[in-house]
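A.B. asks: Residue numbers are given in the working numbering: position 81 of the sequence shown equals residue 81, and the series is strictly consecutive. Dropping the structure in here first, questions after.
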Amino acid sequence: MDRLWTFSAGADGPWRIDDVRAVTGAPLPGAPRLDRIAGEAPGAGLWSLRGITSNERYVTRDEKQALAAATPALGRAQAVCAVLIPIRKSAAWWALAQDERRAVIEDQSQHIALGLRALPAVARRLHHCRDLSPDEPFDFLTWFEFAPEHAPAFDDLLARLRASPEWAYVERECEVRARLDLGPEN
Ligand code: HEM
């Protein structure tokens, strides 16, 4: 399985971008289309972001099993809505110890419990950027796919996460909303 992924925004790609907005910090430029490309895609598009999928850091055995049982695959035919949310956390976050970060994520913020409620409607993929180079603009690229009827549940989850103690450590966050648009020839 490919671990390195490039999100490329520009003229090409199956996802038609509806909206690019800055939630916190500097914005990303608008672009017409988005592609999620396996591997390195140098110079692609108006902007591109890369990240690697990795092992989990914080889940307990029970959570790992619950996630595995409920997590759908990417690329489902009905999941024509996608959201890319690049996130950068603060130096204060990275200065915490592993057990302290777990306490913020779950004991204080219920990130995993809230997230589990959105499964299997929402398919998700977490990409890590931090260890790729010292210059990556974000720490994480989060990617979500769902059917249009599940957009309200996704928005509700977003609002709850953004109001949680974990998000006090988010110093940059953008939101790219897109729709699958394979064109007339497909
Ligand atoms: C759709 C339901 C969701 C589920 C089931 C879910 C679940 C999880 C889990 C289990 C982790 C921890 C992974 C680990 O152990 O390393 C995690 C991390 C993360 N999630 Fe979610 N999540 C969901 C939605 C979201 C949303 C909507 C966002 C963005 C607004 C988000 C942003 C993140 C980020 C940035 C991390 C990495 C945190 C860190 O390592 O500091 N998640 N998520």
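Heads up, the beta-carbon is just placed ideally off N, CA and C, and yes, glycines get one too.
State yes or no: is the C-beta of Arg57 nearer than 7 Å to some heavy atom of the ligand HEM?
C.D. replies: On the sequence shown, residue 57 is found 57 positions in, with the first residue counted as 1. For the ligand HEM, at least one heavy atom lies less than 7 Å from the Cβ of Arg57.
A.B. asks: How would you label Arg61, buried or exposed, when you count the other beta carbons within 10 angstroms and need 16 or more for buried?
C.D. replies: The count along the sequence shown starts at 1 and reaches residue 61 at position 61. That one is exposed.
A.B. asks: What residue from Leu180, Thr53, Leu141, Leu158 has the CA that sits closest to Lys89's CA?
C.D. replies: Looking up residue 89 in the sequence shown gives position 89. Here the closest residue by C-alpha is Leu141.
A.B. asks: Are there any heavy atoms of the ligand HEM lying less than 7 Å away from the beta-carbon of His111, as far as the coordinates show?
C.D. replies: Position 111 of the sequence shown, counted from the start, is the residue given in the question as residue 111. True, at least one ligand heavy atom lies under 7 Å from that Cβ.
A.B. asks: Assuming Asp12 and Arg33 make a contact with CB atoms under 8 Å, what is their CB distance in whole Å?
C.D. replies: For the purposes of this step, residue 12 is taken as residue 12 along the sequence shown, with counting starting at 1. For the purposes of this step, residue 33 is taken as residue 33 along the sequence shown, with counting starting at 1. Sure, about 6 Å apart at Cβ, within 8 Å.
A.B. asks: Can you list the alpha helix (DSSP H) stretches of 4 or more residues lying completely in the segment 62-122, in chain order?
C.D. replies: Counting whole runs of 4 or more residues, the segment 62-122 contains the alpha helix (DSSP H) stretches 91-94, 98-102, 111-117.
A.B. asks: Spatial neighbours of Gln187 within its chain, please: CB distance less than 8 Å, with the 5 preceding and 5 following residues excluded, ordered by chain position.
C.D. replies: With the chain covering 1 to 186 only, the question about residue 187 has no answer from this structure.
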